[in-house]
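Q: Can you read through this structure? Questions will come right after.
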Amino acid sequence: MEAVKKRRTISLARHEAIWAYVLISPWIVGFILFTGGPMIASFVFSLSRYDIAKPLQLIGFLNYAKLFTDDPQFWHSLQVTLTYAIIAIPLGLVAGLALALLLNTKVAGIAVWRTVFYMPSVVSGVAVSILWMYIFNPRFGIINWILGWFNVKGPGWLADPQWALPALIVMSLWSVGGGMIIYLAGLQAIPTTLYEAATIDGANSWQRFWRISLPLITPVIFYNLVIGIIGTFQYFTQAYVMTDGGPAEATLFYNLYLYRNAFRYHQMGYASALAWILLLVVLILTTLIFRSSAAWVYYEGELRRR
Amino acid sequence: MTALATTLKGIKFQRLATQVIALALLAAGSVLVLMPMVWMLSASLKTKEASTLFPPQWIPRDARTVVIDGRECYIYAIPVEGQTRELALLEKKSAMGTFVNPDNPAERYELRVLDGRRISDVRLHWENYPKALTQVPFGKYLVNSLTVVVTTTIGVLVSCTFVAYGFARFRAKGLGMLFLVLLSTIMLPAQVTLIPQFVVFSKIGWYDTLLPLIIPAFFANAWDVFLLRQYIMTVPLELDDAARIDGCGPLGILRHIILPQAAPALATVAIFHSLWAWNDFFYPLIYLQSKEKWTVALGLQSFQALYSRNLTLLMAASTVAMLPCILIFFFAQRLFIQGVVISGIKG
Chain A
528 MEAVKKRRTI
538 SLARHEAIWA
548 YVLISPWIVG
558 FILFTGGPMI
568 ASFVFSLSRY
578 DIAKPLQLIG
588 FLNYAKLFTD
598 DPQFWHSLQV
608 TLTYAIIAIP
618 LGLVAGLALA
628 LLLNTKVAGI
638 AVWRTVFYMP
648 SVVSGVAVSI
658 LWMYIFNPRF
668 GIINWILGWF
678 NVKGPGWLAD
688 PQWALPALIV
698 MSLWSVGGGM
708 IIYLAGLQAI
718 PTTLYEAATI
728 DGANSWQRFW
738 RISLPLITPV
748 IFYNLVIGII
758 GTFQYFTQAY
768 VMTDGGPAEA
778 TLFYNLYLYR
788 NAFRYHQMGY
798 ASALAWILLL
808 VVLILTTLIF
818 RSSAAWVYYE
828 GELRRR
Chain B
168 MTALATTLKG
178 IKFQRLATQV
188 IALALLAAGS
198 VLVLMPMVWM
208 LSASLKTKEA
218 STLFPPQWIP
228 RDARTVVIDG
238 RECYIYAIPV
248 EGQTRELALL
258 EKKSAMGTFV
268 NPDNPAERYE
278 LRVLDGRRIS
288 DVRLHWENYP
298 KALTQVPFGK
308 YLVNSLTVVV
318 TTTIGVLVSC
328 TFVAYGFARF
338 RAKGLGMLFL
348 VLLSTIMLPA
358 QVTLIPQFVV
368 FSKIGWYDTL
378 LPLIIPAFFA
388 NAWDVFLLRQ
398 YIMTVPLELD
408 DAARIDGCGP
418 LGILRHIILP
428 QAAPALATVA
438 IFHSLWAWND
448 FFYPLIYLQS
458 KEKWTVALGL
468 QSFQALYSRN
478 LTLLMAASTV
488 AMLPCILIFF
498 FAQRLFIQGV
508 VISGIKG
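See below:
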């Protein structure tokens with residue numbers, strides 16, 4: 528009797544395990560075919576000279592050595608990408624948060640505002656890049672027209688090596704609505720009782736922001752920061768369509784440089800080394816953010832569990 | 168009592184002031200956000216000449232002209248002997264111009280051109296749209312884009328639902344660790360796997376076909392699995408138990424309990440994925456070579472290179488490329504917001 532019962536529970540557990548693995552099998556197969564396998568191959572490529580047509584030729588760490596010691600373009604593209612990240616991500620963070628705070632003041636027509644500000648985030652890619660190319664046109668574009676209201680003579684933007692990267696940063700602010708939605712959801716999840724208690728204690732709205740809203744949405748800021756960094760290293764379409772890395776390589780983003788090596792110069796080995804360095808940089812940056820998060824990200828068990 | 172009333176009044180006033188300031192800032196921000204879209208739409212409906220005027224002309228207008236002596240002349244509103252007349256500018260010599268009455272070309276005046284104003288009429292050049300869409304085979308691009316969007320959306324929905332259900336509702340050795348592996352791939356930059364994928368797809372003859380864009384979608388992706396799993400976890404287990412008592416197996420529970428309950432999450436995944444697939448430029452760029460295989464994004468990019476001097480056609484084509492995204496957004500706003508919240512907050 529006992530034995531029968533035991534056998535049945537085992538077979539039930541086994542039954543469940545079989546189902547589990549059958550259900551997740553598409554992902555397991557996909558992981559081996561499209562992630563795990565390619566990762567190993569990509570690392571081997573990075574240690575070789577390879578152009579697809581001729582057989583692969585192992586050369587050790589020569590690609591990496593060349594990257595670090597003999598490729599100013601690599602350092603330049605890294606610098607372009609990090610410059611963009613350092614300016615565009617915090618600007619987007621502040622602008623998105625500011626918008627969310629405005630919408631959280633129980634202002635009239637919140638649904639309409641939310642729609643308007645979020646809309647640029649749903650259109651992306653080539654059409655948006657083309658549109659902004661002409662918005663930045665120094666002769667008839669509307670950016671310089673707007674600057675003209677304040678008697679500012681606008682620069683040449685995409686045609687000017689000094690202003691091309693700032694132009695792309697300005698363009699990125701157009702879609703801060705994406706971040707805004709997330710901040711707004713975070714702000715609305717904060718229990719109103721906290722604000723009421725603070726008000727009774729005599730806190731003004733400035734103090735309520737610094738002591739309640741901001742600490743409680745640091746997890747959301749953290750999330751947006753990590754997503755922003757990963758996104759910056761994927762930055763491609765705008766740079767490819769609008770400037771093709773120019774003028775004078777001023778917008779040679781890392782991903783664009785990688786693309787050129789792989790698909791224009793057919794240096795698959797060298798491009799793979801670039802990809803692994805990219806992974807390393809992203810890992811270092813996100814680890815730094817994760818490490819620092821203990822100091823500034825606020826997790827309250829009560830709120831997290833909800 | 169009066170002190171309290173004053174305080175209340177003060178609070179009320181403060182609230183009103185905040186509202187007014189917030190509204191003003193939001194209105195100003197909206198104008199800036201909407202301006203590019205409106206400019207695009209306006210440029211797409213203009214003549215080529217009007218599209219590059221500075222300062223920009225927001226409402227598309229055509230200058231009114233008349234043909235006199237075989238020449239096309241602009242019509243001006245210009246004061247003549249105390250009254251404003253509509254006259255055609257026949258000839259211009261420095262500041263002065265020869266104006267004639269369009270109805271009676273013999274009636275001529277020498278007037279200062281600057282005193283007059285060119286007359287224009289509102290006219291929307293809708294013909295830019297068919298023109299833009301027939302310059303290059305946009306119909307073909309559209310079919311290719313839709314093929315990719317529809318098939319990959321189906322692939323993502325089916326595969327991710329099974330995988331998410333497996334992770335959310337079943338226990339097995341190693342499953343927890345596999346889920347961690349899955350989560351870590353969310354952070355993995357695509358470039359690390361890109362090149363070997365490209366090499367393999369090329370070697371098996373899939374280069375210059377839609378297959379490299381479509382097939383991987385059927386093997387689930389970490390992001391959507393995560394989102395669906397989070398959602399399925401919120402479906403009460405009691406419902407599963409009830410179905411099991413009624414004789415449902417794992418697939419029956421999936422079909423009768425999980426799928427109906429998770430419908431909003433599935434819709435969110437479908438919408439975000441189809442937008443992504445529609446807008447994607449990178450993968451079509453590296454895999455598709457011949458024109459007849461191109462997607463809308465690729466076609467639009469080459470259109471830009473060919474017609475960079477024709478703003479009206481470019482803006483018409485861009486508007487068409489953005490339109491599906493905007494329409495989906497307006498019809499499914501709630502799902503968008505909800506999707507962002509599921510992935511952003513609970514993540």
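Here the protein sequences come in this chain order: A and B. Under the working numbering, the first residue of the first sequence is numbered 528, with each subsequent residue one higher. Under the working numbering, the first residue of the second sequence is numbered 168, with each subsequent residue one higher. Glycine residues also receive a C-beta, built at the ideal position from the N, C-alpha and C atoms. Remember, it's a predicted structure, so these values are computed and weren't measured experimentally.
Between the alpha carbons of Ala-638(A) and Ser-648(A), how many angstroms are there, rounded?
A: Approximately 16 Å, taken between the alpha carbons.
Q: Hey, Trp-554(A) and Leu-349(B): beta-carbon distance below 8 Å or not?
A: Contact flag set, yes.
Q: Which partner residues of Glu-258(B) appear in the DSSP bridge assignment?
A: In DSSP, Glu-258(B) forms a bridge with Thr-265(B).
Q: How would you list, in chain order, the residues of chain A whose beta-carbon sits under 7 Å from the beta-carbon of Leu-201(B)?
A: Going along chain A in sequence order, the residues near Leu-201(B) (Cβ under 7 Å) are Val-643.
Q: Comparing the C-beta of Val-330(B) with each C-beta of chain A, is any distance below 8 Å?
A: Closer than 8 Å: yes.
Q: Quick one: what's Tyr-243(B) bridged to in DSSP?
A: DSSP output for Tyr-243(B) lists Leu-254(B), Arg-285(B) as bridge partner(s).
Q: What does the alpha-carbon distance come out to for the pair Gly-283(B) and Arg-290(B)?
A: C-alpha separation (whole angstroms): 22 Å.
Q: What I want to know is whether the C-beta of Arg-275(B) ends up closer than 7 Å to one or more non-hydrogen atoms of the ligand GDP.
A: The ligand GDP is absent from the structure shown, which contains no ligands of any kind.
Q: With distances taken from CA atoms, which of Ile-495(B), Pro-451(B), Ser-475(B) is nearest Thr-314(B)?
A: Nearest of Ile-495(B), Pro-451(B), Ser-475(B) to Thr-314(B), Cα basis: Pro-451(B).
Q: Note down the Cα distance separating Phe-677(A) from Glu-239(B), rounded to an integer number of angstroms.
A: Cα to Cα, the separation comes out at about 39 Å.
Q: Would you check if the distance between the CB atom of Thr-389(B) and the CB atom of Thr-435(B) is smaller than 8 Å?
A: Per the sequence shown, the amino acid found at residue 389(B) is Ala instead of Thr. Against a cut-off of 8 Å, the Cβ pair of Thr-435(B) and Ala-389(B) comes out as no contact.
Q: Taking the alpha-carbon of Leu-201(B) as reference, which of Asn-751(A), Phe-790(A), Leu-658(A) has the nearest alpha-carbon?
A: The residue with the shortest Cα to Cα distance from Leu-201(B) is Leu-658(A).
Q: Where Lys-460(B) and Val-317(B) are concerned, what is the direct C-alpha to C-alpha distance, given to the nearest angstrom?
A: Distance between the alpha carbons of Lys-460(B) and Val-317(B) is about 16 Å.
Q: Name the chain A residues whose beta carbon is nearer than 7 Å to that of Asn-295(B)?
A: Those within 7 Å of Asn-295(B) in chain A number zero; the least Cβ separation is about 15 Å.
Q: Since Gln-715(A) sits in a beta bridge, which residues does DSSP pair it with?
A: In DSSP, Gln-715(A) forms no bridge with anything.
Q: For Phe-439(B), which residues in the same chain have their Cβ closer than 7 Å to its Cβ, ignoring the five residues on either side in sequence?
A: For Phe-439(B), where only same-chain residues beyond five positions count, the Cβ hits under 7 Å are Gly-506.
Q: For the beta strand (DSSP E) holding Val-144(B), just list the boundary residues, first then last.
A: No statement about residue 144(B) is possible, as the shown extent of chain B runs from 168 to 514 and does not include it.
Q: Below 8 Å on the Cβ atoms is my guess for Ile-453(B) versus Phe-790(A); work out the distance and round it to an integer in Å.
A: Indeed they touch by this definition, with Cβ atoms about 6 Å apart.
Q: What residues in its chain sit with their C-beta under 6 Å from that of Tyr-825(A), if we drop five residues either side in the sequence?
A: Excluding sequence neighbours, Tyr-825(A) sits near Pro-742, Thr-745.
Q: What is the DSSP secondary structure of Glu-776(A), reduced to helix, strand or coil?
A: Of the three classes helix, strand and coil, the one that applies to Glu-776(A) here is coil, per DSSP.
Q: Contact criterion: CB-CB distance below 8 Å. Does Asn-311(B) meet it with respect to chain A?
A: By this cut-off, Asn-311(B) is not an interface position.
Q: Report the rounded CA-to-CA distance for Gly-264(B) versus Glu-277(B), giving the unit in angstroms.
A: Their backbone Cα atoms lie some 6 Å apart in a straight line.
Q: Compare the C-beta of Ile-242(B) with all C-beta atoms of chain A and state if any pair is closer than 8 Å.
A: Taking Cβ atoms only, chain A never reaches closer than 8 Å to Ile-242(B), which makes this a no.
Q: Just to confirm the assignment, what range does the beta strand (DSSP E) spanning Arg-275(B) have?
A: Run containing Arg-275(B): 271-279, per the beta strand (DSSP E) assignment.
Q: Please confirm whether Thr-770(A) has its beta-carbon closer than 8 Å to some beta-carbon of chain B.
A: With 8 Å as the cut-off, Thr-770(A) does not count as an interface residue toward chain B.
Q: Could you name the residues that DSSP lists as bridge partners for Leu-585(A)?
A: Note: Leu-585(A) sits in a beta bridge opposite Ser-575(A).
Q: Run through chain A and tell me which residues come within less than 7 Å of Met-489(B), C-beta to C-beta.
A: Correct list: Val-650, Ala-654.
Q: Just how far apart, CA to CA, sit Ala-195(B) and Phe-644(A)?
A: C-alpha separation (whole angstroms): 11 Å.
Q: Going by the beta-carbon positions, is the gap between Ile-371(B) and Val-402(B) smaller than 8 Å?
A: The answer is no: Cβ separation not under 8 Å.
Q: How many Å lie between Gln-765(A) and Gly-652(A) at the Cα?
A: Near 7 Å, if we compare the C-alpha coordinates of Gly-652(A) and Gln-765(A).
Q: State the Cα-Cα distance for the pair Leu-711(A) and Thr-632(A), rounded to the nearest angstrom.
A: When rounded, the distance between both Cα atoms is 11 Å.
Q: Within the continuous alpha helix (DSSP H) that includes Met-354(B), where are the two ends?
A: Unbroken run through Met-354(B): none, as it is neither H nor E.
Q: Any C-beta of chain C sitting closer than 8 Å to the C-beta of Asn-590(A)?
A: The displayed structure is made up of protein chains A and B, and chain C is not among them.
Q: Flag this pair as touching only if the region 776-785 of chain A and the region 599-613 of chain A have three or more C-beta atom pairs under 8 Å; answer yes or no.
A: Yes: the two stretches touch, three or more of their Cβ pairs being nearer than 8 Å.
Q: Assuming Ala-429(B) and Ile-399(B) make a contact with CB atoms under 8 Å, what is their CB distance in whole Å?
A: Indeed they touch by this definition, with Cβ atoms about 6 Å apart.
Q: Would you tell me roughly how many angstroms separate the C-alpha atoms of Trp-690(A) and Thr-770(A), rounded to the nearest one?
A: Straight-line Cα distance between these residues: approximately 12 Å.
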